[in-house]
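End of the sequence shown = 585 in the UniProt record's numbering, gap-free, step of one.
Ideal Cβ placement from N, Cα and C applies to all residues, glycine included.
The structure displayed is predicted, hence computed values, not measured ones.
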Amino acid sequence: MSRKKASQALKIIPLGGLHEIGKNTCVFEYGDEIILLDAGLAFPSDGMHGVNIVLPDMTYLRENRHKIKGMIVTHGHEDHIGGIPFHLKQFDIPVIYGPRLAMALLQRKLEEAGVAGKTELRTVAPRDIVRLGENFFVEYIRNTHSISDSFSVALHTPLGVVIHTGDFKIDHTPVDGERFDFQKLAEHGEQGVLCLISDSTNSEVPGFTPAERSVFPNLDRVIGEAPGRVFLTTFASSVHRVNMVLELAQKHGRKVSVLGRSMLNVIAHARELGYIKCPDNLFEPLHALRDLPDHKILILSTGSQGEPMAAMSRIARGEHRQVRIRENDTVIFSANPIPGNTIAVVNLIDALMMKGARVVYGRQQGLHVSGHGSQEDQKMMIGLTRPKFFLPVHGEHRMLVRHAKTAQSMGIPAENMVVIQNGDIVELTESSIQIAGQVSAGIELMDNAGVLKAHVLEERQRLAEDGIVTVAVGINGEGKLMYPPQVHLRGVVTPVAEEKWQFWVQSTLELALNNRWSHYASGSAIDWEGLQDYLEREIQGLLRRELKSRATLVLMMQSSESVNASQKKARVRQRRTRSTAQVAS
């Protein structure tokens, strides 16, 4: 493909996916054109109370929305496409290119979010080349991963070819038969690759990542030995794993019931596109399982990461309406905990065991393999593409550093690579790579009501840590309490009863009013707002002294003016009511 004379640097700006696992989002910018590669989400940590999902800060794209020419999607995992519906509510993406399975999953997400009309989805096949703007031609190169229809991409730019691996591992026996296109990668390596941007997730793991098919014998053994019902939980988007489980259910004469909306969606789309092949009569609804003996049942469920609302977690708590764990049940975890989820998964396993289930889990069981390449996979990628510059992405900081060392061992000079963080602006020219500044790159939190501001999360964290104290008080025009303050403590550890707190708060308020009333009352004018701020500070001081914590204070202050105003309104309403009644009579 012919290349225009380069007149400026290519900017590569990751907004998510670095120093973390999740919300992978990358910006490529040349001149006045921007294209996006993936736009994922992450899930909240334990301290993010009430948060449903975590997104990258998209301020840079909101400010430069006029430059956006489109998006390229590498595959259908949530950490690569889950953020797109939310972003389309803030700025337009004219066109999104991606593989069939990813586009099918994304179409449903856009429809549910009410933004399906805000972009055009176009599917691509292996080796397709699509044009975005004047400066970008994107070539899709088949790779292998834990989900079907996964791609690396070669970006043809005015500077040269930049290859982004997407998520990948080297799997020579893929479950769906779609093999890694090593030939195309090698062709680019022969012709010259300016920069390789590569998945770093397993850069600390020596050797090759085992093939997905390697778990088949172990799953076969555990399912075959199970005397009663089999429950199996894995990532909903692990299409290859799900396909093998369904194959084994057929082999062992078990009917399958599927629990979890995401699992149902993925299976439906994967069957429609031919990535999962099984007869319709393999599946049975939950209510029909009552007529089958236990050894003929396999229940495929979401919840492998201990998510509180997932099907497996609700079953473990005894809260699922249709399913209860029984003594003879076998529960298989065909997934390892992702960072941050270990405690939730361990608690889930304990809860299932306490209900009498035999739980099969852990790396030693051989029931799960990663979808990301280890050190030898990464070396093979570098060896095939032979890049001039190298940029490790997709992983925590130590993973990026280790991947950079692997690249150096393959002959790429240290000065030809950079280890970056979210928001860094990487400037790439034909002769250099460097960090040339930074854009806003925090996080955006979403709950059921929409975007959650940082101060709201801070308040929730404070409430969770220290509790809340509410004080209701009335003050007349002479600076005296109209009634004893009402004090309530919630989630507050205190050595004394609430009655004692009422006495302390009343004493604090009376002393404060005696000392400073004249400061806020000048003739007939009273600065009620200023007075409330002052009284809040005094009560907060009392709380800090007595509780040694920063419990949240809510002071509800009623003044004599507000009482008089409300009484006047009540009298007006009464008069209107009487007048209406007289007219009616």
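- Annotation for G224: the continuous alpha helix (DSSP H) segment containing it runs F216 to E225.
- Of all alpha-carbon atoms in A42, T74 and R550, the one lying nearest the alpha-carbon of N143 is that of T74.
- If you ignore the 5 residues before and after R100, its C-beta comes within less than 7 Å of the C-beta of T123, D149 and L273, all in its own chain and listed in chain order.
- Following the DSSP letters along the chain, one finds K69 inside the beta strand (DSSP E) bounded by residues I68 to I72.
- When DSSP states are grouped into helix, strand and coil, G383 belongs to the helix group.
- The beta carbon of L185 is closer than 7 Å to those of I141, L384 and T385 in its chain, skipping five residues each way along the sequence.
- Beyond the five residues adjoining it in sequence on each side, N347 comes within less than 7 Å, by CB distance, of G306 in the same chain, given in chain order.
- Taking I267 as the centre and dropping the five residues before and after it, the same chain places the C-beta of V242, V258 and I276 closer than 7 Å to its C-beta, in chain order.
- By the beta-carbon neighbour count (other beta carbons within 10 angstroms, threshold 16), D79 is buried.
- Counting along the chain, T59 sits inside the alpha helix (DSSP H) bounded by residues T59 to E63.
- Around the C-beta of S524, fewer than 16 other C-beta atoms lie within 10 Å, and the residue is accordingly described as exposed.
- The DSSP-derived three-state label of L531 is helix.
- When secondary structure is reduced to three states using DSSP, I297 falls in the strand class.
- Sorting Q365, V473, L232 and V215 by C-alpha distance to the C-alpha of L535 places V473 at the top.
- Here I72 is not near I34, since their CB atoms are 9 Å or more apart.
- In the three-state scheme derived from DSSP, where H, G and I count as helix and E and B as strand, A551 is classed as coil.
- Residues R241, M244, S334, G366, L367, H368 and V369 of the same chain have their beta carbon placed closer than 8 Å to that of V215, with the five preceding and five following residues left out of the count.
- Boundaries for S152: no alpha helix (DSSP H) harbours it, while the beta strand (DSSP E) harbouring it runs F151 to T157, taken from the DSSP string.
- Taking 9 Å as the cut-off, the beta carbon of V54 is found no closer than this to the beta carbon of K89.
- By the Cβ rule, the region 323 to 343 does not count as touching the region 190 to 206, because fewer than three pairs are nearer than 8 Å.
- Between D350 and P14, the C-beta gap is not smaller than 9 Å, which leaves the two residues out of contact.
- In this structure V256 touches L300 by the C-beta definition: roughly 6 Å separates them, less than 8 Å.
- D57 and I526 have their alpha carbons spaced roughly 44 Å apart.
- Distances from the CA of V230 to each of L511, L121 and H252 were compared; the closest alpha carbon is that of H252.
- Taking the Cα positions, G356 is about 11 Å away from R324.
- In this chain, H372 is not harboured by any alpha helix (DSSP H), its DSSP state being neither H nor E.
- In the DSSP assignment, K169 is bridged to T144.
- Cβ neighbours of W528 within its own chain (closer than 6 Å, five residues either side excluded): S559.
- In the structure shown, V205 falls within a coil segment according to DSSP collapsed to helix, strand and coil.
- R550 sits exposed, since fewer than 16 C-beta atoms from the chains shown fall within 10 Å of its C-beta.
- For D199, the three-state secondary structure derived from DSSP is strand.
- Within the same chain, K388, F389, F390 and I433 come within 7 Å of N416 by CB-CB distance, once the 5 residues on both sides are set aside.
- Considering only T494, T201, T429 and A270, the residue with the shortest C-alpha distance to R545 is T494.
- Under the DSSP assignment, Y520 falls in the alpha helix (DSSP H) whose first and last residues are E498 to Y520.
- In this structure, DSSP gives P56 an extended state, which the three-state scheme calls strand.
- For L509 against G479, the beta-carbon gap comes to about 10 Å, at or over 8 Å, which does not count as contact.
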